[in-house]
Every structure is written in C-alpha cells, then in structure tokens.
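Undergrad:
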Amino acid sequence: MESSDQGALIAQGAEARVTRILYLGRNAVLKTRLSKPYRHPELDEALNGKRIVAECRAVARLRRHGIYVPLVYLVDVKNRQIVYEFIRGQTVLDALKESHQDVCEDILKRVGIAVAKMHDVNIVHGDLTTRNMLRTESGKICLIDFGLSYVSTLAEDKGVDLYVLERCCDANEFELFLKAYKAQSRSAAATIAKLAEVRLRGRKRDQSG
C-alpha cells in the first residue's frame, strides 16, 4: 500500500468514520464512532461504549465460528475507536456491478452461505447491505461493519436483516442469494416466513406514506 493511502477516508456515515492507517507496521482500518452533539455527554459516552463492546463481541463470536470477518487489532472505548485488519477487496455492491453473470452467481451463493452462518450463531447484522460485504481478490466474502449488530434468536430479527438486503438487490440477485441461504441455514424456514411478514408491513408503510 502506498504511503499516500495512510489516513485516507474509506467511508463516513451517521454513526462512524472509517480510515486506512498503519498499525504496528500492518495495513489496518481505524473505525471511530462519532459523538452526537444533541446527546448529553455522559449518555453519549455510555451509548458509544456499549455499541463498541457489542460490535467487538459480535465479531469475536463470528470468528470463533469460522465466519470470515476482519480481525480486531485494538479496542479503545474511551476514544470510541476500533482498529481492524485491512481486507483488500471491493464491496459486493461494486463486484456485482462489474462482474459477468457466472461470477455474480458465485458471489451471491457465497453471500447466502455467509449470512446463513451468521444467523445460525444468532448474530443479527443490523445494516445488512451489499456495501457492508467485501469480496476479496480470491473470491471470499468478508462481512463488515457490525456497528448496529446484536445477538438475537428471533426469526423476526433475522427476517428484518434479509429484508434490508432484499431492498438493495434486484429480484434475480436476491433469489440467488436466498437459494444459498435456504440450503445453508438450519432455521431458514422460520426466518423466511418472518421475511414475508416484514415485506407485507413494508408494503403497507409504503402505501400509507
């Protein structure tokens, strides 16, 4: 990696800023949760600390179960920061745009398997979009950005995860994803049944809005 890449902004949203850094001589990613000026400082500190701990626990749990997520190098709750391993690749969003049909099918199959494995260990992502998944140079899928994640055994929560993903895919992409998800997940039937209910509520909200 060129030295000019150090400190380069990767992404910034409402919750966090993500930049590339060197950490102990290794390529890394620095995620800094943003403080909210409208919140009382003590409450803001407590909420950010809680989210950082929840995120790191989710990532650790996934890694224990062999699910590909970045390694955590450092956690600094006081400064609202996590240092992650740098994963070289592109977002699944970009990979799907740039790849031929056969490659897209392979990507979506791998995504389906990865998400099913995540749900089977009761981690709900909370922002499951194709921007929050990386496809590495070797074709592996790495799930990222667990800032809104939580532990849940409820099919309803996992169904909402799938609904969020469905909203950022076209129908054919989601069908290919869902086929792999069904084949992999032990609780696919219950989750997909809840997905249907979530879809119905979503349509009603769209119509009323």
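By the count of full-length UniProt numbering, the sequence shown reaches residue 209 at its end, each step adding exactly one. The beta carbon of each residue, even a glycine, is placed where N, CA and C say it ideally should be. It should be emphasised that the depicted structure is a prediction, and the values quoted were computed from it without experimental measurement.
From this set, Val198, Glu85, Gly147, Gln12, which residue's C-alpha is nearest leucine 162's C-alpha?
TA: Out of Val198, Glu85, Gly147, Gln12, Val198 has the C-alpha closest to the C-alpha of leucine 162.
Undergrad: Determine whether the beta carbon atoms of isoleucine 144 and leucine 134 lie at a separation below 8 Å.
TA: Yes, these two residues count as a Cβ contact at 8 Å.
Undergrad: Arginine 167 to isoleucine 21, Cα distance in whole Å?
TA: Each residue's Cα considered, the two are about 32 Å apart.
Undergrad: Kindly list the residues whose CB is nearer than 7 Å to the CB of threonine 19, restricted to its own chain and excluding five residues on each side of it in sequence; keep chain order.
TA: So the qualifying residues of the chain are Gly7, Ala8, Leu9, Ile10, Leu30.
Undergrad: Which class does arginine 203 belong to by DSSP, given the choice of helix, strand or coil?
TA: Note: arginine 203 maps to helix in three-state DSSP.
Undergrad: Do you know how far the Cα of leucine 154 is from the Cα of serine 4?
TA: Note on serine 4: pLDDT 43, under 50, position unreliable in the model; the coordinate value appears next. Cα-Cα distance, rounded: 45 Å.
Undergrad: Taking just the CA atoms, how far does valine 59 sit from alanine 183?
TA: Taking the straight line from one Cα to the other gives about 24 Å.
Undergrad: Ignore the nearest five residues each way along the sequence and tell me which others in isoleucine 87's own chain have a CB closer than 6 Å to its CB.
TA: Around isoleucine 87: Pro70, Leu134, Cys142.
Undergrad: Considering only the beta carbon of each residue, do glutamate 173 and leucine 108 sit closer than 8 Å?
TA: Contact: yes.
Undergrad: Quick check on valine 115 - is its C-beta less than 8 Å from some C-beta in chain C?
TA: Note that chain C does not occur in the displayed structure, where there is just one protein chain.
Undergrad: Considering only residues of the region 24-95, which uninterrupted alpha helix (DSSP H) runs meet the minimum length of 4 residues and lie entirely inside it, listed in chain order?
TA: You should have 41-64.
Undergrad: Where does isoleucine 21 sit, in a helix, a strand or coil, going by DSSP?
TA: It is a strand residue.
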